[in-house]
Amino acid sequence: MSYSLEQLGRHVQGAVHGDSQFNVLKLRSLEQATAQDIAFVNGEKYLEQALASKAGVLIVSKDLVEKLQTQFQLIVVESPYLAFAQLTHLFADTVEFSNIAKTAVIHPTAQLGKNVRIGDYAVIGENVQIGSNSYIYPHVHIGKNVSIGHSAWIESHVSIFAEATIGDQVRIHANTVIGSEGFGFAPYQGRWHRIAQLGRVRIGHQVRIGSNSSIDRGALDDTVIDDGVIIDNLVQVAHNVQIGQHTAIAAKTAIAGSTKIGAHCIIGGASAIAGHLTIADQVQLTGMSMVTKSIHQAGTYSSGTGLLESAAWRKAVVGFRQLSEMPINKLLKQIKVLTARIDQLESHQTVEQANERPNPNDDKKNKL
Amino acid sequence: MSYSLEQLGRHVQGAVHGDSQFNVLKLRSLEQATAQDIAFVNGEKYLEQALASKAGVLIVSKDLVEKLQTQFQLIVVESPYLAFAQLTHLFADTVEFSNIAKTAVIHPTAQLGKNVRIGDYAVIGENVQIGSNSYIYPHVHIGKNVSIGHSAWIESHVSIFAEATIGDQVRIHANTVIGSEGFGFAPYQGRWHRIAQLGRVRIGHQVRIGSNSSIDRGALDDTVIDDGVIIDNLVQVAHNVQIGQHTAIAAKTAIAGSTKIGAHCIIGGASAIAGHLTIADQVQLTGMSMVTKSIHQAGTYSSGTGLLESAAWRKAVVGFRQLSEMPINKLLKQIKVLTARIDQLESHQTVEQANERPNPNDDKKNKL
Amino acid sequence: MSYSLEQLGRHVQGAVHGDSQFNVLKLRSLEQATAQDIAFVNGEKYLEQALASKAGVLIVSKDLVEKLQTQFQLIVVESPYLAFAQLTHLFADTVEFSNIAKTAVIHPTAQLGKNVRIGDYAVIGENVQIGSNSYIYPHVHIGKNVSIGHSAWIESHVSIFAEATIGDQVRIHANTVIGSEGFGFAPYQGRWHRIAQLGRVRIGHQVRIGSNSSIDRGALDDTVIDDGVIIDNLVQVAHNVQIGQHTAIAAKTAIAGSTKIGAHCIIGGASAIAGHLTIADQVQLTGMSMVTKSIHQAGTYSSGTGLLESAAWRKAVVGFRQLSEMPINKLLKQIKVLTARIDQLESHQTVEQANERPNPNDDKKNKL
Chain A
1 MSYSLEQLGR
11 HVQGAVHGDS
21 QFNVLKLRSL
31 EQATAQDIAF
41 VNGEKYLEQA
51 LASKAGVLIV
61 SKDLVEKLQT
71 QFQLIVVESP
81 YLAFAQLTHL
91 FADTVEFSNI
101 AKTAVIHPTA
111 QLGKNVRIGD
121 YAVIGENVQI
131 GSNSYIYPHV
141 HIGKNVSIGH
151 SAWIESHVSI
161 FAEATIGDQV
171 RIHANTVIGS
181 EGFGFAPYQG
191 RWHRIAQLGR
201 VRIGHQVRIG
211 SNSSIDRGAL
221 DDTVIDDGVI
231 IDNLVQVAHN
241 VQIGQHTAIA
251 AKTAIAGSTK
261 IGAHCIIGGA
271 SAIAGHLTIA
281 DQVQLTGMSM
291 VTKSIHQAGT
301 YSSGTGLLES
311 AAWRKAVVGF
321 RQLSEMPINK
331 LLKQIKVLTA
341 RIDQLESHQT
351 VEQANERPNP
361 NDDKKNKL
Chain B
1 MSYSLEQLGR
11 HVQGAVHGDS
21 QFNVLKLRSL
31 EQATAQDIAF
41 VNGEKYLEQA
51 LASKAGVLIV
61 SKDLVEKLQT
71 QFQLIVVESP
81 YLAFAQLTHL
91 FADTVEFSNI
101 AKTAVIHPTA
111 QLGKNVRIGD
121 YAVIGENVQI
131 GSNSYIYPHV
141 HIGKNVSIGH
151 SAWIESHVSI
161 FAEATIGDQV
171 RIHANTVIGS
181 EGFGFAPYQG
191 RWHRIAQLGR
201 VRIGHQVRIG
211 SNSSIDRGAL
221 DDTVIDDGVI
231 IDNLVQVAHN
241 VQIGQHTAIA
251 AKTAIAGSTK
261 IGAHCIIGGA
271 SAIAGHLTIA
281 DQVQLTGMSM
291 VTKSIHQAGT
301 YSSGTGLLES
311 AAWRKAVVGF
321 RQLSEMPINK
331 LLKQIKVLTA
341 RIDQLESHQT
351 VEQANERPNP
361 NDDKKNKL
Chain C
1 MSYSLEQLGR
11 HVQGAVHGDS
21 QFNVLKLRSL
31 EQATAQDIAF
41 VNGEKYLEQA
51 LASKAGVLIV
61 SKDLVEKLQT
71 QFQLIVVESP
81 YLAFAQLTHL
91 FADTVEFSNI
101 AKTAVIHPTA
111 QLGKNVRIGD
121 YAVIGENVQI
131 GSNSYIYPHV
141 HIGKNVSIGH
151 SAWIESHVSI
161 FAEATIGDQV
171 RIHANTVIGS
181 EGFGFAPYQG
191 RWHRIAQLGR
201 VRIGHQVRIG
211 SNSSIDRGAL
221 DDTVIDDGVI
231 IDNLVQVAHN
241 VQIGQHTAIA
251 AKTAIAGSTK
261 IGAHCIIGGA
271 SAIAGHLTIA
281 DQVQLTGMSM
291 VTKSIHQAGT
301 YSSGTGLLES
311 AAWRKAVVGF
321 RQLSEMPINK
331 LLKQIKVLTA
341 RIDQLESHQT
351 VEQANERPNP
361 NDDKKNKL
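Have a look at this one:
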C-alpha cells in the first residue's frame, strides 16, 4: 500500500512539484508525518505547522506554493481538504473477508449481486436483495423484503427490518438498527395501546449512518432519508421523520416523530428536535440545540446557557427563575417610567434654579 | 391480509355504516389512502383533511358521522385513535421464522414454553425460562437464569444478563441491553475501584423497551420497571432505578442511579434525571428537561432556553452569566428604592408648587 | 458462595469484631440484609439506617464502632465503601462459559493466551491477540490486527475494529463499538466527501466502557483512552479524542472530535463537549453540561437552567430571549445613571430645604 507521487497527484487531479517516482508510504498529520509520508495543509492558518513538519510531500493550494516549495515536494490542488479526503481511500484498510461465509444463513429467495461479501453468522431473510460489490459484516441481520443497492457497507451487529429500501453506496456502521418500531401508543384509560408500525424506512444513495443509531420505521407512511445525508453515532430518527439531501447530523442528536428537516442542514451534536416540526433548508444548529418550534429561515441557531463555575451557575439559575416573574422588558418599562419622572423633576428644578440663581453643578452628562 | 368491513368493525367494537362485505386492503393515512383502504379521523381538527381523503372507509367518532357519512363508509367508535391502534395489529407484518432454528445454541437446562420461536444463532443460557408463544430473534444472547414470560418479543442482537426476570407480553427491540453492569465505582486514592453489581433487573408485564437502550442491573437491590411502562430508543436506565406503572419515557432520556419515577408519568425525549431523586406520579416533563431535584407534585415541568439565532443567543448567554452576579430580584429592589426616593422628591416638589403656584403639567399618569 | 467472617475481614484487611467462623451468605443493602448477611455503613449519615438494619454483620469505619458494636458483628476498615467494593467481587456471578466454544470462528493466525474463554458464534479476525484469562462473550466480533491484554472482559455483541490496542483488565460491556469510523467528511460543492479514517483506538489498562457506547477510530492519529478511565453507557467518544488517566464519564455524554480531557476529571451524565477543546485535569462537570470552550482551571462547572413548572418556564424563556437585547449590565448602568440623577436632585432639594426650613422626614435610610 504505497504509491508514487505521480499516482497520488493523478488521483486528486493535482499538479506535482517534485520527483514523480518518489515513493509515499503513508498519509499522516503534519505533526506525525516523516520523510516518506504525505500530509495536507488546510489553508494559510496551518502554514507555520507546515513549515515545521517533517513530511516528504505536502498537499497545498496554489497560494501556498511559493512559501513551501523550497522545503517540500508538493501536490497542488484547488481544495487540499477534498484532496486529502480522496487520498484517505487509497490508504484505508482492506476488508478481511472476501466471499460469502459458509456460516451465513441466507434465505433461498434472497438475491445477491456480483461480488457480494457476507461475513460469518450473518442472517439474510426472505426476498432480500443486495446489490453488487456490497459488504455485509458478521452477525448482521437483514429481515425479509429489505433491498440494498450496490457497493453498500453494512457493519457487524446491524439489524435491518421493516422492508427497508436502501440505495447505492450506503454505509451503515456497527450495531445500528434500521426499521425498529416507532414509539406509537394510543393512551386510553390510563394505559398505552401499542400501534403496530406499518410504514417502512426509505434511505437514498450515498447515505452514511454511524454506529449505535436507531432509525425507526414509519407508523403508516415511511421514514425517509434522502440522498447524501450523513448521520453520526447514537442518533435517534423517529418514525415518519424526513431528512433532506446532503444534511449532516452529528452524534447523539434526537429527532422526534414526523419532523421534516430540509436539505443541506448541519445539526450539531446532542441536539434534540421536537416532533411535527419543519426545518428549512440550510439551517445550522450549534451543539445541544433544543428545537421546539419550526424554523422557516435558513441561518444558524443555538440554545442553552454558557458553562459557568457551579457556584455562579446556581445563582444564575435563580436569576433565570426570577425572569419568569419579572421579564426584562417589564424592568425596562419600570426604568423608563422612573426616567420620565426624573426628567420631570429635573425640568422643574431647572425652572426653579433659573428663577433663583444659576447652578454651575447642573451637569447633564450623566443622563441616559 | 385483507378484511371485510364487518370484520374490522367487530375487531374495534364499532358500528359499521356501509357495505359489511366491502373488502379493505390497507390501513393508511388520510393522505395516502385510496378507495380500497381504511383511514382514521383523529377528531374534529382533521375534518377538512378527512373530507379531502380518497379513503374508502373512515374510522370516526359519533360527532363526525353526519359530516362524513354521505361521502364515506364509516366505522363509528368511541375512540378512533384507540381503534386505529387495534387495527394496526391486523395489518402488521408476520414474523418470518416459525420454529426453533437449528443453529440456535440452547442450554439443555433451558425451559421453553409451547410455540416458542428462536432465530438463527441465538444463544440461550443455563436455566433460562421462556414462556409460550414468545419470539426470540436471531443473534439474541440470553444469559443464565433469566426468565421471560409468555408472548414476549425479543429482537436481534439483544443481550439479557443479570438473572433478569421479564413478564408477559414484553417487547424488547433490537440491540438493547438488559442487565448491563451498573456504573458503580468506589473512589480511593485517585483510582476507581469497581463495585461488582449483584442486583438484578425486574421487568413487569406488557413493558416495551426500544432499540439501543441500556437497562443496568442493580448494585445490591434490583432495578425495577413496573407493568405497562413504555420506553423508547437509546434510553439509559441506571442501576437501582424504579419506574412506576404505565409511565412513558421518550427516546434518548437518561435516568441516573437509584431514582424512583412514579406511575403514569410522561418523560419527554432527551431528558436527563439526576440520581437518588423521587418523581411523583403523573409528572410530565417536556423534551430535554434537566431534573436535579425531586418532584413532589404532579404537573408539567420544563427546563432549557428557547432556540435563538446564534448571534442573539450569544448575547443572551452573556445576560445569563450576568444574572449570577445581579439577580432580577436585586435589580427590582434597586428600582423600588429609586421609586421611593422619587416619590419623596415629587411629594416635596408638590408641596413647593402648592406653596408657589399651581402647575397644570403635574401629570401622575406615568407613575408605576 | 458463602464466606466466614474471618475470610471477609482478611479480604478487606479489616479488624473483625465477632465470631470469626460466622457464616455470611450475602452482601446486601442495610434495608434488605437479614441475620446471615453483611452490609456496609457509608459514614455517620447512615447511622440511623444502620441501627435499624437486621444485618448480621456491618462493615464500618473506626468512629462508628462504639455506636454499633453492641448490636452487630463488625468488620472495621479505613474506607467502608472501598471494602464494600472489594467484597462485591467475592459475591459476583461466575461466568457461564468455561472454554472456547466450538461455534466460535477464530482465524488461524489469531493468538490466544492461556485460559481465554470465547462464547458461541464469536468471530475473531486475522492476527488478533488476546491475553490470558480473558473472556470473550457470544456474538462478539473482533476485527483483524486488534490486540487485547490479559484478564479482559468483552461482552456480547461488542464490535472491535480499526486495529485497536486494548490493555489489561479492560471491561467492555454489551453492544459497544470500538473503532467505528469517525465522522469525517470534506464539504465540497454542496456534498460531503468521506474521509476514510486511518487512525486507531488505543485503550490503556483497567479501562471500563459501558454498554451501547461508541468509540471512534482517529482520522489520521489515534483516539486515546488512558489507564483507569471509566466510561458509562451510551457515550460517544469521537475521533482523535484523548481522555486522561482515571477520568470518569457518566452515561449519555458526547465528546466531539479532537478534544483532550485531562486526568481525574468527572463528567456528569448527558453532557456534551464540543470539538477541539482542552479540559484541564481535575475538572468536574455536573450533569447535562454544555461545554463550548476549553477549561483551563480545575473546578466544578455547570450549565443549563433549573427545572420549572412549564407555565413559569415559558415566561422565563421569554426573559432569556430579552436578555439578548438588554443584558443585565446595561440595565444596571441605566439604574446607576438614574441613581446619580436622583442624588443630584436630592442634594439640590436638601440645599433648598436648608435654605427654607428643616425637614424631619428627610430619611436617607432608603438609599442604595
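Protein chains in written order, with UniProt numbering: chain A, 1 to 368; chain B, 1 to 368; chain C, 1 to 368. All residues carry an ideal CB built from backbone N, CA and C; glycine is no exception. Keep in mind that this is a model prediction, so the values were computed, not measured.
query: Closer than 8 Å to chain A by CB, C:THR305; result: yes
query: Residue from A:GLY304, A:HIS276, A:ARG191 whose Cα sits closest to the Cα of A:VAL237; result: A:HIS276
query: Extent of the continuous alpha helix (DSSP H) run through A:PRO108; result: Per DSSP, A:PRO108 belongs to no alpha helix (DSSP H) and is neither H nor E.
query: Close Cβ partners of B:GLY167 (< 8 Å) along its chain, the five nearest in sequence each way excluded; result: GLY149, ILE203, GLY204, HIS205, GLN206, VAL207, ASP227
query: B:ILE209 to B:PRO327 span [Cα, whole Å]; result: 43 Å
query: Which of helix, strand or coil DSSP assigns to A:GLY218; result: coil
query: Simplified DSSP assignment, three categories, for C:GLY319; result: helix
query: Spatial distance of A:ALA250 from C:ASN175 (CA atoms); result: 20 Å
query: Opposing strand residues paired with A:VAL291 [DSSP bridges]; result: A:ILE273
query: Under 8 Å by beta carbon: chain C residues contacting residue 381 of chain B; result: Absent from the model: residue 381 of chain B. The displayed extent of chain B is 1 to 368, so no value can be given.
query: Straight-line gap, C:GLN71 to C:GLY257 (C-alpha atoms, nearest Å); result: 56 Å
query: 8 Å Cβ cutoff met for A:THR253 and C:GLY304; result: no
query: Cα-Cα separation, B:LEU338 to C:ARG321; result: 26 Å
query: Bridge partners - B:LEU74, DSSP secondary structure assignment; result: B:HIS17, B:LEU58
query: The segment 230–245 of chain B touching the segment 119–127 of chain C, judged by at least three CB pairs closer than 8 Å; result: no
query: Top-ranked residue by Cα proximity to C:ASN23, from C:GLY14, C:TYR3, C:HIS11, C:ALA35; result: C:TYR3
query: Pair within 8 Å by beta-carbon distance, C:ASP19 and C:GLN69; result: no
query: Neighbour-count burial assignment, C:LEU51, 16 or more Cβ in a 10 Å radius; result: exposed
query: CB contact check: A:GLN334 to chain B, cutoff 8 Å; result: yes
query: Buried or exposed (CB count within 10 angstroms, at least 16 for buried), C:GLY9; result: buried
query: Contact between the segment 178–190 of chain A and the segment 174–189 of chain C (3+ Cβ pairs under 8 Å); result: no
query: Close-in-space but distant-in-sequence residues of the same chain around C:ASN115 (CB under 6 Å, 5 per side omitted); result: SER132, ASN133
query: As assigned by DSSP and simplified to three states, the class of A:ASN23; result: strand
query: CB contact check: B:SER190 to chain C, cutoff 8 Å; result: Checking the sequence, you will find Gly at residue 190 of chain B rather than Ser. So, interface residue.
query: Chain-ordered neighbours of B:ARG321 on chain A, where CB pairs are closer than 7 Å; result: GLY306, LEU308, ALA316
query: Beta-carbon proximity check, C:SER214 vs B:THR300, cutoff 8 Å; result: no
query: Test item: CB-CB of B:SER302 and C:TRP313 under 8 Å; result: yes
query: Cβ pair count under 8 Å reaching 3, the segment 279–287 of chain A against the segment 270–288 of chain B; result: no
query: Collapsed DSSP secondary structure at B:LYS45 in the structure displayed; result: helix
query: Buried versus exposed, by CB contacts within 10 Å (16 or more), B:ASN212; result: buried
query: Residues near A:HIS173 by beta carbon distance below 6 Å, same chain, minus five either side; result: GLU155, GLY210, SER211
query: CB of B:ALA39 within 8 Å of CB of A:ALA196, strictly; result: no
query: Under 8 Å between C-beta atoms of A:GLY199 and A:LEU220; result: yes
query: Below-8 Å beta-carbon distance, A:MET1 vs any chain B residue; result: no
query: Proximity test, Cβ basis, 8 Å: C:THR103 and chain B; result: yes
query: C:ASP37, DSSP secondary structure in three states; result: strand
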